[in-house]
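*Asks:* Have a look at this one before I ask anything.
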Amino acid sequence: MPDKSNTPNGERPNKSIEDLDVGGKDFVDTDVVILVDQYLMNSLDSKEVTVRVIGGTVGKDVFEVEDEPSFKQNEKVLLYLRGENSPFEVTGALQGKFHLTDDGMAVGSDEIVRLDKLVEKISS
């Protein structure tokens, strides 16, 4: 899904870059579609979920938010999500995303743990 501004039409506000209130109401968000292999809690019927992160590119403007998670195509992740309906948000921003490695590790923003230990912790 394309990045969009939070304006009603999804386009950049008609303001100079200096006048944008990027910490308040003038921000860009990106919806990321995640294909789900397995739900560990609160299963949904869908095999995909949409996650909204703050930041992205609209036109020539790039908005980066330091603590927001980013996603790469085909990246395997374990996510802690919040919200009632799609699009969901990642709980705790970077803290709620773990990149899964081929050797069974879950790499978070401030820790690396064995995936099986993380799943065990979530399930208990």
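Note that the sequence shown covers residues 262 to 385 in my numbering. Glycine included, C-beta positions come from ideal geometry on N, C-alpha and C.
1. Starting from Asp292, trace the beta strand (DSSP E) both ways and give me its first and last residue.
2. Which of helix, strand or coil does DSSP assign to Asp322?
3. Go ahead and pull the three-state DSSP assignment for Glu381.
4. Nearest to Ser304 by alpha carbon, out of Asp292, Gln334 and Glu345?
5. Tell me whether the beta-carbon of Val368 lies closer than 7 Å to the beta-carbon of Lys358.
6. For Leu339, does the three-state DSSP call read helix, strand or coil?
7. Would the beta-carbon of Gly317 fall within 7 Å of that of Thr291?
8. Can you give me the C-alpha to C-alpha distance between Gln356 and Arg343, rounded to a whole angstrom?
9. Relative to the alpha-carbon of Lys382, which residue among Asp328, Glu309 and Tyr341 has its alpha-carbon at the smallest distance?
10. My output table needs one value for Gly365: the three-state DSSP class, helix, strand or coil.
11. Report the option in Ser331, Val294 and Ile315 whose CA atom is closest to the CA atom of Phe324.
*Replies:* Taking the definition as stated:
1. The residue labelled residue 292 in the question sits at position 31 within the sequence shown. Run containing Asp292: Val289 to Leu296, per the beta strand (DSSP E) assignment.
2. Numbered from its first residue, the sequence shown carries residue 322 at position 61. If DSSP states are grouped into helix, strand and coil, Asp322 belongs with the strands.
3. By one-based count along the sequence shown, residue 381 stands at place 120. Glu381: helix per DSSP, three-state reduction.
4. Reading the sequence shown from its first residue, position 43 is the one you call residue 304. Cα-wise, what sits closest to Ser304 is Glu345.
5. On the sequence shown, position 107 is the one that residue 368 refers to. On the sequence shown, position 97 is the one that residue 358 refers to. No, they are not a contact pair.
6. Numbered from 1 along the sequence shown, position 78 holds the residue referred to as residue 339. If DSSP states are grouped into helix, strand and coil, Leu339 belongs with the strands.
7. Indexing the sequence shown from 1 puts residue 317 at position 56. Indexing the sequence shown from 1 puts residue 291 at position 30. Contact: yes.
8. The residue you call residue 356 lines up with position 95 of the sequence shown. The residue you call residue 343 lines up with position 82 of the sequence shown. Distance between the alpha carbons of Gln356 and Arg343 is about 13 Å.
9. As a first step, residue 382 must be located in the sequence shown, where it is residue number 121. Ranking the options by Cα distance to Lys382, first place goes to Tyr341.
10. Here the question's residue 365 lines up with position 104 in the sequence shown. Correct three-state label for Gly365: coil.
11. Residue mapping note: residue 324 aligns to position 63 of the sequence shown, counting from 1. It is Ile315.
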